[in-house]
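K.L.:
So that we are looking at the same thing, I have put the structure below in structure tokens.
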Amino acid sequence: MNDGKDRQAKVRAVIRVASGNFLEMYDFMVFGYYAAAIGRTFFPKSSEFASLMYSLATFGAGFLMRPLGALVLGAYIDRKGRRRGLILTLALMSAGTLSIACVPGYESIGLAAPLLVVAGRLLQGFSAGVELGGVSVYLSEIATPGHKGFYVSWQSGSQQCAVVFAALLGVALNSRFSPQQMAAFGWRIPMLAGCAIIPFLFFIRRSLAETEDFRSRTHHPAAREILRSIGANWRLILIGTMLVTMTTVCFYLITAYTPTFGTKVLHLGDRQTLV
């Protein structure tokens, strides 16, 4: 009986953690799907190519913050706990997404529009820098013996579900609205949809229990100790970074850039590229 209850608790914990990771990846990804519309909304329209490049550069700016987020928030998670760290990252990503979804366009507030969008994107990147690692650590620490790989795989699995969901939502919206309506306001709907489920995810993440592995530790490293450890293992970290960079570049090239490539280069409709 106790084994059954423990298994149910594990399943609920995996769902709670993976659902937050789903939202984080969805919010981070959906910007790339609507890069062209975001560029026309928030950047000067003197050149459509220039506004698109500004938008894609803003998308890329989020990646510049990910190493910093990993260091700062990773240290926070190691000191304060996995549960508190996962709630904090969800709050930061939510704030970044909400700011992008609600900022008026360039024609309304001028230069403040792209500045606020870039700030929101940097906040998203800061949060995403530790979300994937934090989720992986949590799942690894609650895993039953011999099943760490299976448990941690839910982190990656929830990301792929987010990519598919974002594309399906885009297909539905493009079936409902005209291209002009999507460019005017439709692109905000996926971001607002992500914001709408934030309260629910906060609720389920707040009910997460701290991992036994973290509670049993008598020593939690300070930031200085973590930096010393990074310095001592810099070769291993560099190799890991290069491997992750290779997979990440391929992943976002295939997913986030595909809608832009389809419309701008192949001259397909938005709905076709999302399909």
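Read in order, the letters of the sequence shown correspond to residues 19 to 293 in the working numbering.
For every residue, glycine included, the Cβ atom is placed at its ideal position computed from N, Cα and C.
(1) With a floor of 4 residues, list each alpha helix (DSSP H) that falls wholly inside the stretch 184 to 234, ordered by position along the chain.
(2) Can the beta-carbon of Arg100 be found closer than 9 Å to that of Gly152?
(3) Does the beta-carbon of Glu243 have 16 or more other beta-carbons within 10 angstroms, so that it is buried, or is it exposed?
(4) Going by C-alpha distance, which of Leu226, Gln26, Thr229, Phe220 is nearest Glu42?
(5) Residues in the same chain with beta-carbon distance under 7 Å from Met200, minus the five sequence neighbours each way, listed in chain order, please.
(6) Pick from Gly280, Leu187, Pro163, Ser154: whose alpha carbon is nearest that of Ser174?
(7) Exposed or buried, what is Phe279 when buried is set at 16 or more other beta-carbons lying within 10 Å of its beta-carbon?
(8) So does the stretch 176 to 186 actually touch the stretch 108 to 126, counting three or more Cβ pairs closer than 8 Å?
(9) Closer than 8 Å is the cut-off here; do at least three beta carbon pairs connect the stretch 28 to 47 with the stretch 210 to 225?
(10) Which residue wins for smallest C-alpha separation from Asp96, given the options Gly123, Ser171, Val148?
(11) For a cutoff of 9 Å on Cβ pairs, would you count Phe77 as touching chain B?
(12) Once the 5 residues before and after Pro132 are set aside, which same chain residues still bring their CB inside 8 Å of it?
(13) Candidates Leu157, Lys166, Phe81, Glu230: which alpha carbon is nearest Ser37's?
(14) Given Ala161, which residues of its chain have a CB within under 6 Å of its CB, disregarding the five upstream and five downstream residues?
(15) To the nearest angstrom, report how far apart Ala137 and Ile105 are at their CA atoms.
(16) Here's the rule I'm using: 16 or more other beta-carbon atoms within 10 Å means buried, otherwise exposed. How should Asn251 be labelled?
(17) If you check the beta carbons only, do Leu82 and Leu150 fall under 9 Å apart?
(18) Hey, would you say Phe144 sits closer than 9 Å to Gly78, going by beta carbons?
(19) In whole angstroms, what separates the C-alpha of Thr263 from that of Ser69?
(20) If you run the structure through DSSP and keep just helix, strand and coil, what is Tyr51?
(21) Quick one, which of Val29, Thr229, Val32, Val48 has its alpha-carbon nearest Arg206's?
(22) Short of 7 Å in beta carbon distance, which residues of its chain neighbour Thr229, apart from the five on each side in sequence? Order them along the chain.
(23) Go ahead and pull the three-state DSSP assignment for Thr107.
(24) Considering only residues of the same chain and omitting the five flanking positions on each side of Phe195, which have a CB-CB separation below 6 Å?
(25) Just the Cα atoms here: how many angstroms apart are Arg253 and Leu261?
P.N.:
So, from the listed chains and residues:
(1) For the stretch 184 to 234, whole alpha helix (DSSP H) runs of length 4 or above, ordered along the chain, are 206 to 214, 216 to 224, 230 to 233.
(2) Result yes, Cβ atoms of Arg100 and Gly152 sit closer than 9 Å.
(3) Classification for Glu243: exposed.
(4) Proximity to Glu42 across Leu226, Gln26, Thr229, Phe220 peaks at Phe220, based on C-alpha coordinates.
(5) The answer, listed in chain order, is Ala55, Leu191, Asn192, Asp288.
(6) For Ser174, the closest alpha carbon among the candidates Gly280, Leu187, Pro163, Ser154 is that of Ser154.
(7) Label assigned to Phe279: exposed.
(8) With the cut-off at 8 Å, the stretch 176 to 186 and the stretch 108 to 126 do not touch.
(9) Segment contact: the stretch 28 to 47 against the stretch 210 to 225, three or more CB-CB distances shorter than 8 Å; contact assigned.
(10) The residue from Gly123, Ser171, Val148 with its alpha-carbon nearest to that of Asp96 is Val148.
(11) The question asks about chain B, but that chain is absent: this structure has only one protein chain.
(12) Within its own chain, the residues whose Cβ lies closer than 8 Å to the Cβ of Pro132, once the five positions on either side in sequence are excluded, are Phe60, Phe61, Tyr72, Thr76, Tyr124, listed in chain order.
(13) Distance from the Cα of Ser37 is smallest, within the candidate group Leu157, Lys166, Phe81, Glu230, for Leu157.
(14) Within the same chain, and ignoring the five residues on either side of Ala161 in sequence, the residues whose Cβ sits closer than 6 Å to its Cβ are Tyr169.
(15) The alpha-carbon atoms of Ala137 and Ile105 are separated by roughly 21 Å.
(16) Counting Cβ neighbours within 10 Å, Asn251 comes out exposed, since fewer than 16 surround it.
(17) At a Cβ-Cβ threshold of 9 Å, Leu82 and Leu150 do not count as neighbours.
(18) Against a cut-off of 9 Å, the Cβ pair of Gly78 and Phe144 comes out as no contact.
(19) Thr263 and Ser69 have their alpha carbons spaced roughly 26 Å apart.
(20) Assigned with DSSP and collapsed to three states, Tyr51 falls in helix.
(21) If we check each option's Cα against that of Arg206, Val48 comes out closest.
(22) If we look at Thr229 and ignore the five residues flanking it on each side, its Cβ neighbours are Arg100, Tyr156, Glu159, Ile160.
(23) Under the three-state reduction of DSSP output, Thr107 falls in the helix class.
(24) Short of 6 Å from the beta carbon of Phe195, and not among the five residues preceding or following it, lie these beta carbons of its own chain, in chain order: Gly204.
(25) Taking the CA atoms as reference points, Arg253 sits about 13 Å from Leu261.
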